[in-house]
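Undergrad: In my numbering, the protein residues as written are 31 to 160. My questions all concern the structure below.
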């Protein structure tokens with residue numbers, strides 16, 4: 031299965047049916063504790079979308095327990111778990127930040143902050159710790 035394909039398939043079902051017990055059980059089977067931590071992050075309103083205008087560029091940030099993490103939906107997170115267990119070891123296809131972002135977006139449980147395009151580069155540098 032391609033990276034995050036399982037996550038994408040589960041999220042498509044969440045969009046159609048909601049986060050029903052059967053889907054939740056499949057998330058638990060696939061992601062274990064990462065799923066529980068993702069739900070906790072969504073419940074604590076830790077998922078943020080930054081929308082830059084007028085370009086429409088989107089940046090997703092998930093507030094983790096130790097830091098804020100830059101997330102590209104279904105593709106990338108700058109946390110250690112993603113780097114070690116997704117990229118290097120290939121043990122999983124998503125960290126809990128990616129799962130949290132996907133669930134939050136599917137359920138509309140995130141905060142949107144609108145910013146002008148002229149601050150985009152500065153904000154990206156801050157988030158990417160450059």
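All C-beta atoms in this analysis are idealised placements derived from N, C-alpha and C, irrespective of residue type, glycine included.
1. Are residue 81 and residue 141 touching if we call contact CB-CB under 8 Å?
2. Does the contact criterion of 3 or more C-beta pairs under 8 Å hold for the segment 43 to 60 versus the segment 110 to 119?
3. Helix, strand or coil for residue 114? Go by DSSP, reduced to three states.
4. Hey, would you say residue 134 sits closer than 8 Å to residue 44, going by beta carbons?
5. Alpha carbon to alpha carbon, how far is residue 144 from residue 65? Give it in angstroms, no decimals.
6. Distance check for residue 125 and residue 148, CA to CA, integer angstroms please.
7. Just to confirm my understanding: we take residue 131, look at its own chain, exclude 5 residues before and 5 after, and list those with CB closer than 7 Å. What are they?
8. What does the alpha-carbon distance come out to for the pair residue 63 and residue 111?
9. Pick from 85, 122, 79 and 138: whose alpha carbon is nearest that of residue 157?
10. So, are the CB atoms of residue 123 and residue 37 less than 8 Å apart?
TA: The short version:
1. For the purposes of this step, residue 81 is identified with residue 51 of the chain shown, where counting begins at 1. For the purposes of this step, residue 141 is identified with residue 111 of the chain shown, where counting begins at 1. Their beta carbons are not under 8 Å apart, which means residue 81 does not touch residue 141 by this criterion.
2. no
3. Sequence index remark: in the chain shown, residue 114 carries index 84 (1-based). Correct three-state label for residue 114: helix.
4. Counted from its first residue, the chain shown places residue 134 at position 104. Counted from its first residue, the chain shown places residue 44 at position 14. It is not a contact, given that the beta carbons lie outside the stated cut-off.
5. By 1-based counting over the chain shown, the position of residue 65 is 35. By 1-based counting over the chain shown, the position of residue 144 is 114. Cα to Cα, the separation comes out at about 28 Å.
6. Here residue 148 refers to the residue found at position 118 of the chain shown. Here residue 125 refers to the residue found at position 95 of the chain shown. Residue 148 and residue 125: Cα-Cα distance of roughly 31 Å.
7. Taking the chain shown and counting its residues from 1, one reaches residue 131 at position 101. These residues qualify, in order along the chain: 77, 90, 92, 101 and 103.
8. For the purposes of this step, residue 63 is taken as the residue at position 33 of the chain shown. For the purposes of this step, residue 111 is taken as the residue at position 81 of the chain shown. When rounded, the distance between both Cα atoms is 13 Å.
9. Along the chain shown, read from residue 1 onward, the residue named residue 157 stands at position 127. In this structure, 79 is the residue among 85, 122, 79 and 138 with its C-alpha nearest to the C-alpha of residue 157.
10. The residue you call residue 123 lines up with position 93 of the chain shown. The residue you call residue 37 lines up with position 7 of the chain shown. Yes; because the gap between Cβ atoms is below 8 Å, this pair is in contact.
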